[in-house]
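Written below as structure tokens is the structure these notes are about.
Numbering (my numbering), first residue to last: 2 to 170.
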């Protein structure tokens, strides 16, 4: 749609701002270039612990453009439920909102190595931490997403866990 109707509105956010299809494509490519610079590889799972909004879309579409797998976490997760999801995903990278960082500090971080923190300043003990600018990169050297096919895994979501611990599907 970024080619066929670039100026049509794709998303309208609660603050009244919006993205056209062209802007959305540009945000996705910029985030993909940033994730690539961080070392994220195609088919790699990356946790996203963000409230709905522009950052969540930027991360989702950027990861998918790169061929990586978007794994959103419920922003209500905490304690054992959060720890279970982090351990189950076996991801090395998480993108999270600064307000959620203290909850991540309170759990075992399993295979997590790095955190990209958006929405303010913050840090997570034991992880290499970056600010939002880490996923805002020049996309000039980003190759086209030719290798990403519709049948590739794009996302893993966690079930509600009504009959046991949440499972990634």
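Ideal Cβ positions, reconstructed from N, Cα and C, are used throughout, including at glycine.
Straight-line Cα distance separating residue j from residue i
i: residue 1; j: residue 135; result: Lying outside 2 to 170, the shown extent of the chain, residue 1 is not represented and no answer is given.
i: residue 88; j: residue 46; result: 12 Å
i: residue 153; j: residue 164; result: 28 Å
i: residue 137; j: residue 96; result: 13 Å
i: residue 9; j: residue 43; result: 29 Å
i: residue 108; j: residue 67; result: 29 Å
i: residue 141; j: residue 29; result: 13 Å
i: residue 133; j: residue 118; result: 6 Å
Residue environment, residue i, which counts as buried when at least 16 other CB atoms sit within 10 Å
i: residue 65; result: buried
i: residue 5; result: exposed
i: residue 126; result: exposed
i: residue 171; result: In the structure displayed, the chain extends from 2 to 170; residue 171 sits before or after that span and is not available.
i: residue 1; result: Because the chain is modelled from 2 through 170, residue 1 falls outside the range shown and cannot be assessed.
i: residue 91; result: exposed
i: residue 148; result: exposed
i: residue 17; result: exposed
i: residue 19; result: exposed
Beta-bridge partners of residue i, as assigned by DSSP
i: residue 156; result: 71
i: residue 25; result: DSSP lists no partner for residue 25.
i: residue 169; result: 159
i: residue 132; result: 118
i: residue 31; result: Answer by DSSP bridge pairing: none, since residue 31 is not bridged.
i: residue 19; result: 13
Beta-carbon separation (whole angstroms), residue i vs residue j, contact threshold 8 Å
i: residue 120; j: residue 99; result: 5 Å
i: residue 55; j: residue 11; result: The pair is not a contact, with the Cβ atoms about 11 Å apart (cut-off 8 Å).
i: residue 82; j: residue 156; result: Between residue 156 and residue 82 the Cβ distance is about 19 Å, and since that is not below 8 Å, they are no contact.
i: residue 74; j: residue 86; result: 6 Å
i: residue 143; j: residue 34; result: 5 Å
is_contact[residue i, chain C] using C-beta, thresh 8 Å
i: residue 69; result: Chain labels in this structure do not include chain C; a single protein chain is all it has.
What residue ranges within the segment 45-114 form continuous beta strand (DSSP E) runs of no fewer than 3 residues, ordered along the chain? Counting whole runs of 3 or more residues, the segment 45-114 contains the beta strand (DSSP E) stretches 46-50, 70-73 and 94-98.
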